[in-house]
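> The structure is given below, and queries will be raised subsequently.
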Amino acid sequence: MFQAACEQGTAHFKRSARFRTLHQDERMVELRQSLRAAFEAQRGYFTMGSPLKADEVDSQAAVYFPPCMSALYTTLKRDRRLAHEYRFVFSLFLKEIGLDLKEAIEFWSRHYVEPPGKNATCSHTWQANTSRLMYSVRHMYGQEGRRVDYTAHGCAQVQDNSLCPFTTDKFQAIYGEKQVQDMEDIVQLCENKQYIAACKLHMGRIGKQLASEMVLQAEPFETRDANYLQEPLVGIHKPSQFYFYIRKLTGLS
1 MFQAACEQGT
11 AHFKRSARFR
21 TLHQDERMVE
31 LRQSLRAAFE
41 AQRGYFTMGS
51 PLKADEVDSQ
61 AAVYFPPCMS
71 ALYTTLKRDR
81 RLAHEYRFVF
91 SLFLKEIGLD
101 LKEAIEFWSR
111 HYVEPPGKNA
121 TCSHTWQANT
131 SRLMYSVRHM
141 YGQEGRRVDY
151 TAHGCAQVQD
161 NSLCPFTTDK
171 FQAIYGEKQV
181 QDMEDIVQLC
191 ENKQYIAACK
201 LHMGRIGKQL
211 ASEMVLQAEP
221 FETRDANYLQ
231 EPLVGIHKPS
241 QFYFYIRKLT
251 GLS
């Protein structure tokens with residue numbers, strides 16, 4: 001009875017002029033967008049991207065990876081190796097953004113067939129340790145051992161592993177490369193240990209920069225929704241959310 005009364009009252013309110021006025025209010029529009037984004041993030045909306053191929057990782061990393069995962073990938077390309085715990089973190093991130101098991105094996109084999117760099121902390125090679133390395137990758141995809149289908153690490157875990165550039169002065173290198181202006185507020189957030197807030201602000205700026213570039217490159221008759229250039233309404237709790245947000249903003253979700 002209570003549910004029926006609520007449904008009847010809601011239906012009646014939706015037919016009223018007052019509802020139409022409130023529905024068009026800018027504050028209500030922003031609130032609806034924020035709630036929708038938060039709900040979709042919680043139900044896994046940001047982990048429904050297109051399948052990712054091993055040979056696409058490099059191009060994706062150059063544009064869409066969050067600073068923490070971009071730093072890991074840079075280390076991997078330089079040394080051809082990652083320490084075990086870092087390989088675990090990076091593998092699960094790639095898994096969550098669409099790299100399936102077959103492509104993951106292809107991706108890691110390409111790096112581990114090469115000799116390790118001078119700064120590498122791992123000396124394993126794909127040729128000599130094929131079974132061990134394949135087992136490790138398959139294990140992360142729930143195909144070996146206890147067959148646990150592992151999910152990617154959250155921002156708090158990334159920080160605990162000293163992989164978040166915003167927890168150190170390394171974040172300044174991000175801005176040197178990408179030439180993002182006005183970083184004083186980023187510095188302030190980092191000094192206040194609000195690392196996730198700093199990353200979210202960085203995410204919004206990178207997204208707006210990319211979206212603006214796409215608008216400038218588009219034909220004159222092409223337009224984009226104004227929401228593309230707003231600050232992100234979504235929260236960020238995992239590196240994959242950064243990746244999918246930027247892709248969505250640039251029309252590649």
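Sequential numbering from 1 applies to the sequence shown in full-length UniProt numbering.
Cβ atoms here follow ideal geometry from the backbone N, Cα and C, with glycine treated the same way.
#1: What number of angstroms, rounded off, separates the C-alpha of Leu72 from the C-alpha of Ala83?
#2: Between His139 and Asp25, what straight-line distance do the alpha-carbon atoms span, to the nearest angstrom?
#3: For the alpha helix (DSSP H) containing Lys95, list its first residue and its last residue.
#4: Contact defined as beta carbons within less than 8 Å: I believe Leu22 pairs with Val89. What is the distance between those atoms, to the nearest angstrom?
#5: To the nearest angstrom, how far is the alpha carbon of Glu184 from that of Arg247?
#6: Count the other CB atoms, across all protein chains shown, that sit within 10 Å of the CB of Ser240; report buried if there are 16 or more and exposed otherwise.
#7: Report yes if the CB atom of Ala120 is closer than 7 Å to the CB atom of Arg87, and no otherwise.
#8: Figure out for me which residue from Ala61, Leu92, Pro51 has the closest Cα to the Cα of Lys238.
#9: Give the single residue among Leu76, Ile236, Leu99 whose Cα lies nearest to the Cα of Gly154.
#10: Using 7 Å as the threshold, is the C-beta distance between Pro51 and Phe242 below it?
#11: With a 10 Å radius around its C-beta and 16 neighbouring C-beta atoms as the bar for buried, classify Met69 as buried or exposed.
#12: Considering only the beta carbon of each residue, do Gln2 and Ala54 sit closer than 7 Å?
#13: Of all the options Pro115, Arg132, Pro116, Glu85, which has the alpha carbon lying nearest to the alpha carbon of Met105?
#14: What does the alpha-carbon distance come out to for the pair Tyr45 and Glu96?
#15: Taking its Cβ as the centre, do 16 or more other Cβ atoms sit within 10 Å of residue 315, making it buried, or is it exposed?
#16: What does the Cβ neighbour count give for Thr75, buried or exposed, with the cut at 16 atoms within 10 Å?
#17: Could you compute how far the alpha carbon of Ala5 sits from the alpha carbon of Phe244?
#18: Name the one or two DSSP bridge partners that Leu99 has.
#19: Taking all protein chains shown into account, do 16 or more other C-beta atoms lie within 10 angstroms of the C-beta of Lys200, making it buried, or fewer, making it exposed?
#20: What residue does the alpha helix (DSSP H) around Tyr243 start on, and which one ends it?
#21: By the three-class DSSP mapping on this structure, what secondary structure does Pro67 have?
#22: Going by DSSP, what residue range makes up the alpha helix (DSSP H) through Cys190?
#23: Roughly how many whole angstroms lie between the Cα atoms of Leu210 and Leu249?
#24: Taking just the CA atoms, how far does Thr167 sit from Thr130?
Taking the coordinates as given:
#1: 10 Å
#2: His139 and Asp25 have their alpha carbons spaced roughly 51 Å apart.
#3: 84 to 96
#4: Wrong, their Cβ atoms sit about 45 Å apart, outside the cutoff.
#5: 26 Å
#6: buried
#7: Cβ distance not < 7 Å, so Ala120 and Arg87 don't count as in contact.
#8: Leu92
#9: Ile236
#10: no
#11: buried
#12: Reading the sequence as shown, one finds Phe at residue 2 and not Gln. No. Outside cutoff.
#13: The question names Met, yet the displayed sequence has Ile at residue 105. Closest by alpha carbon: Arg132.
#14: Confidence at Tyr45 is low in this model, with a pLDDT of 46, below 50, so its placement is unreliable and no value can be given for it.
#15: The displayed coordinates of the chain run from 1 to 253. Any statement about residue 315 would go beyond what the structure contains.
#16: Buried.
#17: 40 Å
#18: Leu52
#19: Lys200 sits buried, since 16 or more C-beta atoms from the chains shown fall within 10 Å of its C-beta.
#20: Looking at the DSSP string, the run of the alpha helix (DSSP H) that includes Tyr243 is 239 to 249.
#21: helix
#22: 184 to 191
#23: 8 Å
#24: 36 Å
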